[in-house]
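Structure first, commentary second.
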Amino acid sequence: MGPVLAGVLQLLALVGALALVHIPLGNYMARVYSSKRHLRVERWIYRGIGADPDAGMTWPAYLRGVLAFSLAGVLFLYLLQRLQGVLPGSLGFSAVGPAQSFNTAVSFVTNTNWQSYAGEQTMGHVVQTAGLAVQNFVSAAVGMAVAVALVRGFARSRSGELGNFWADLVRGTLRILVPVAALAAVVLVACGALQNFSGVHEVGQFMGGRQQWGGGAYASQEAIKELGTNGGGVANANSAHPFENPTPFTNLLEIFLILVIPFSLTRTFGVLVGNVRQGYAILGTMAGIWLGFVALMMWTEFAHHGPALQAAGGAMEGKEVRFGVGGSSLFAVTTTLTSTGAVDSFHSSFTGLGGGITMLGMMLGEIAPGGVGSGLYGMLIMAVIAVFIAGLMVGRTPEYLGKKIGAREMKLAACYILVTPALVLVFTAASLALPTPPHSMLNPGAHGFSEVLYAFTSASNNNGSAFAGLNANTDWFNTTTGLAMLLGRFLPMVFVLALAGSLAGQRPVPVTAGTLRTEKPLFTGLLVGAILIITGLTYFPALALGPLAEGLA
6 MGPVLAGVLQ LLALVGALAL VHIPLGNYMA RVYSSKRHLR VERWIYRGIG
56 ADPDAGMTWP AYLRGVLAFS LAGVLFLYLL QRLQGVLPGS LGFSAVGPAQ
106 SFNTAVSFVT NTNWQSYAGE QTMGHVVQTA GLAVQNFVSA AVGMAVAVAL
156 VRGFARSRSG ELGNFWADLV RGTLRILVPV AALAAVVLVA CGALQNFSGV
206 HEVGQFMGGR QQWGGGAYAS QEAIKELGTN GGGVANANSA HPFENPTPFT
256 NLLEIFLILV IPFSLTRTFG VLVGNVRQGY AILGTMAGIW LGFVALMMWT
306 EFAHHGPALQ AAGGAMEGKE VRFGVGGSSL FAVTTTLTST GAVDSFHSSF
356 TGLGGGITML GMMLGEIAPG GVGSGLYGML IMAVIAVFIA GLMVGRTPEY
406 LGKKIGAREM KLAACYILVT PALVLVFTAA SLALPTPPHS MLNPGAHGFS
456 EVLYAFTSAS NNNGSAFAGL NANTDWFNTT TGLAMLLGRF LPMVFVLALA
506 GSLAGQRPVP VTAGTLRTEK PLFTGLLVGA ILIITGLTYF PALALGPLAE
556 GLA
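Residue numbering for the sequence shown follows my numbering, beginning at 6 and increasing consecutively.
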């Protein structure tokens with residue numbers, strides 16, 4: 006079997022598996038978030054935190070819950086790292102430095118999982134499991150809760166209430182993420198992924214030195230890091246490490262885990278608003294962009310010029326021979342079009358255009374299908390902008406799902422789409438203008454520029470993957486990427502929840518002959534066009550200085 010055919014067959018198998026679970030999982034998540042019943046363990050948690058799960062929240066109250074919970078998570082994870090030297094199961098590792106502790110705490114709480122350290126050489130078992138793994142669950146649940154709150158804003162009328170954050174958080178964690186992640190971890194262990202709490206072992210000589218390997222809860226961390234679109238692994242090599250991702254089958258399974266909830270949430274959206282065809286329109290937009298990016302990536306990596314690349318069957322530099330070009334390209338596109346950040350190959354070693362595709366995927370806002378929760382609310386924001394553009398073209402007040410899109414709604418949507426580009430471009434410009442940060446670049450010229458641009462694109466979009474080649478473990482990059490992650494996560498949530506509150510307070514507008522049918526393929530095409538045009542106008546100059554200049558050289 007040739008490498009191209011193998012890549013195509015993997016893609017077809019993945020699409021088939023996602024299609025198989027789309028309806029049942031989407032319907033199940035809709036029942037979870039609309040149920041009036043509380044499980045016994047959930048009631049214990051509510052009593053423990055002093056929350057009333059049946060109390061409705063307006064958008065400011067919902068936002069306060071999101072911010073308070075996230076702040077507590079940052080403080081707890083920061084202290085856990087700073088106290089690592091006196092904790093049991095530390096494997097002899099000392100406390101993590103202040104700048105890196107801040108960066109890592111922010112990274113995992115914001116669902117970014119940017120890692121400027123080697124995990125197996127820095128974090129002990131307690132920090133990995135009680136700190137990082139826990140945040141992988143709850144940060145994903147926060148994103149899902151905010152997405153469901155926005156959906157309720159479209160579905161409800163003249164109430165102003167968006168549900169209860171604490172109930173949404175607990176249900177998303179216990180009823181969705183925990184059972185699926187547990188099942189996935191068992192499958193990964195059965196396929197060869199490591200799962201233990203052993204210490205560091207010397208395994209013999211390697212290139213004149215002693216080789217050491219440490220144990221760890223690789224499989225359980227791997228399952229939730231992919232399912233929750235988190236991305237941070239135990240090993241520095243991430244999903245390229247055989248302890249985390251041992252076979253081509255586990256590689257495909259991990260790609261499936263990354264995509265399954267974001268794609269299925271479109272079904273949840275359709276069920277909750279009472280029109281599943283609206284969910285299919287959003288799904289079609291996401292799937293169309295994702296498939297287009299996969300095709301482009303495989304083309305650039307398989308067909309790039311050069312005798313060495315042709316002899317290897319594609320651009321194999323930086324890719325695992327276990328996965329090949331097809332599996333690596335599929336993983337790279339999936340991880341950068343979602344907010345995952347896990348890698349099974351190293352994006353800096355991709356062809357110039359291939360590296361640009363990974364960056365462009367994040368620059369779209371990671372909405373195809375995007376992160377768990379964040380992909381859905383990001384795409385719905387773009388849908389609001391698309392109906393506004395359509396309304397301008399026909400001279401009609403824009404409407405979406407029976408709600409008028411007025412000046413307030415458009416201001417909130419515009420602020421949402423401006424936050425992330427501003428963070429990316431300002432921090433990148435500052436890093437290149439100041440004298441010290443460029444010293445962290447391994448490569449000069451266009452490729453070095455791409456390293457810095459990729460870092461802030463990844464951090465600001467809460468992706469977490471690294472281009473490689475950039476030494477980000479400096480005070481400058483730890484601090485600035487930490488700020489980019491915080492602002493890139495929570496400022497957009499402010500605008501999303503404010504928009505949800507505004508929509509929930511409206512009275513539905515009746516459908517007329519002039520209403521734009523947003524469940525039709527015409528709207529899907531308009532939405533794709535709006536996404537690509539807005540992203541292109543925002544980022545093209547920066548891309549021209551980096552990956553485009555390198556790819557066309």
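Ideal Cβ positions, reconstructed from N, Cα and C, are used throughout, including at glycine. All of these numbers come straight from a predicted model, not from anything done at the bench.
Next on the checklist: For Tyr-544, list the residues DSSP reports as bridge partners.
Outcome noted: BP columns for Tyr-544 are empty, so no partner.
Checklist entry - Which word fits Thr-433, buried or exposed, when buried means at least 16 other C-beta atoms lie within 10 angstroms of its C-beta? => result buried
Next on the checklist: According to DSSP, simplified to helix, strand and coil, what is Thr-343?
Outcome noted: coil
Checklist entry - Thinking C-alpha only, which one of Phe-113, His-43, Met-303, Gly-177 is nearest Gly-469? => result Phe-113
Checklist entry - His-130: buried (16+ other C-beta within 10 angstroms of its C-beta) or exposed? => result By the neighbour-count criterion, in which a residue is buried when 16 or more other Cβ atoms sit within 10 angstroms of its Cβ, His-130 is buried.
Checklist entry - Whole-angstrom Cβ separation of Val-111 and Leu-491, contact assumed at under 8 Å? => result 5 Å
Next on the checklist: Below 8 Å on the Cβ atoms is my contact criterion, and I expect Val-37 with Ile-260 to pass it. Report the Cβ-Cβ distance as a whole number of Å.
Outcome noted: At roughly 24 Å, the Cβ-Cβ gap does not stay under 8 Å, so Val-37 and Ile-260 are not in contact.
Checklist entry - How many angstroms separate the CA atom of Leu-542 from the CA atom of Ala-554? => result 17 Å
Next on the checklist: Less than 6 Å between C-beta atoms, sequence neighbours within five positions excluded: which residues of the same chain meet that for Gly-329?
Outcome noted: Pro-8
Item to check | Supposed contact pair Met-34 and Thr-273 - C-beta distance, whole angstroms, cut 8 Å | outcome: 4 Å
Checklist entry - Under the three-state reduction of DSSP, which class applies to Val-429: helix, strand or coil? => result helix
Item to check | Assumed close pair Ala-489, Ala-464 - CB separation to whole angstroms, cut-off 8 Å | outcome: 4 Å
Checklist entry - How long is the line joining the alpha carbons of Ala-313 and Leu-17, rounded to whole angstroms? => result With a pLDDT of 48 at Ala-313, under the threshold of 50, the predicted position of this residue should be treated as unreliable, and no value is reported.
Next on the checklist: Can you look up Leu-44 in the DSSP assignment and give me helix, strand or coil?
Outcome noted: coil
Checklist entry - If you follow the alpha helix (DSSP H) that Arg-268 is part of, which residue opens it and which one closes it? => result Sequence inspection shows Phe at residue 268; the Arg mentioned does not correspond to that position. Membership of Phe-268 in the alpha helix (DSSP H) is indicated by the continuous run 253–277.
Checklist entry - Looking only at its own chain, which residues have a Cβ that is under 6 Å from the Cβ of Pro-513, when we skip the five neighbours before and after it? => result Ser-162, Gly-407
Checklist entry - Can you tell me the Cα-Cα spacing of Glu-404 and Thr-484, whole angstroms? => result 41 Å
Checklist entry - Is Phe-81 near Gly-136, with beta carbons less than 9 Å apart? => result Yes. Within cutoff.
Next on the checklist: Tell me the rounded alpha-carbon separation between Gly-510 and Ser-164.
Outcome noted: Distance between the alpha carbons of Gly-510 and Ser-164 is about 5 Å.
Next on the checklist: So, under 8 Å CB-CB, Tyr-544 and Met-368 are touching, yes? Tell me the CB distance rounded to an integer number of Å.
Outcome noted: 5 Å
Next on the checklist: Between Leu-301, Ile-422, Asn-256, which has its C-alpha nearest Gly-359's C-alpha?
Outcome noted: Leu-301
Next on the checklist: Mapping the DSSP letters down to three states, classify Thr-462 as helix, strand or coil.
Outcome noted: Reduced to three states, the DSSP call for Thr-462 is helix.
Checklist entry - By Cβ distance below 6 Å, which residues in the same chain neighbour Val-338 in space, the five residues on each side in sequence not counted? => result Correct list, in chain order: Phe-298, Val-299, Met-302.
Item to check | Glu-231 - containing alpha helix (DSSP H), residue span | outcome: 223–232
Checklist entry - In this structure, what does DSSP give as the bridge partners for Leu-475? => result Met-446
Checklist entry - Since Thr-63 sits in a beta bridge, which residues does DSSP pair it with? => result Glu-166
Item to check | For Ala-154 and Tyr-223, believed in contact at Cβ under 8 Å, the rounded distance | outcome: Going by Cβ atoms, the distance from Tyr-223 to Ala-154 rounds to 34 Å, so no, they are not a contact pair.
Item to check | Inter-residue spacing [alpha-carbon to alpha-carbon] between His-352 and Gly-370 | outcome: Answer to the nearest angstrom: the Cα atoms are 18 Å apart.
Item to check | Residue nearest to Phe-355 in terms of C-alpha spacing, selected from Gly-375, Val-265, Thr-305 | outcome: Closest by alpha carbon: Thr-305.
Next on the checklist: With a threshold of 8 Å, are at least 3 pairs of Cβ atoms found where one atom belongs to the region 242–260 and the other to the region 183–193?
Outcome noted: These segments touch.
Checklist entry - Comparing the C-beta of Asn-280 with each C-beta of chain D, is any distance below 9 Å? => result Absent from the structure: chain D. Only one protein chain is present.
Checklist entry - With a CB to CB cut of under 6 Å and the five nearest residues on each side skipped, what residues in its chain are close to Phe-472? => result His-352, Ser-353, Glu-456, Tyr-459
Checklist entry - Given Gly-506, which residues of its chain have a CB within under 7 Å of its CB, disregarding the five upstream and five downstream residues? => result Thr-63, Trp-64, Gly-158, Gly-165, Leu-167
Checklist entry - To which residues does DSSP link Ser-350 through a beta bridge? => result Lys-324
Item to check | Under 9 Å between C-beta atoms of Gly-450 and Ala-347 | outcome: no
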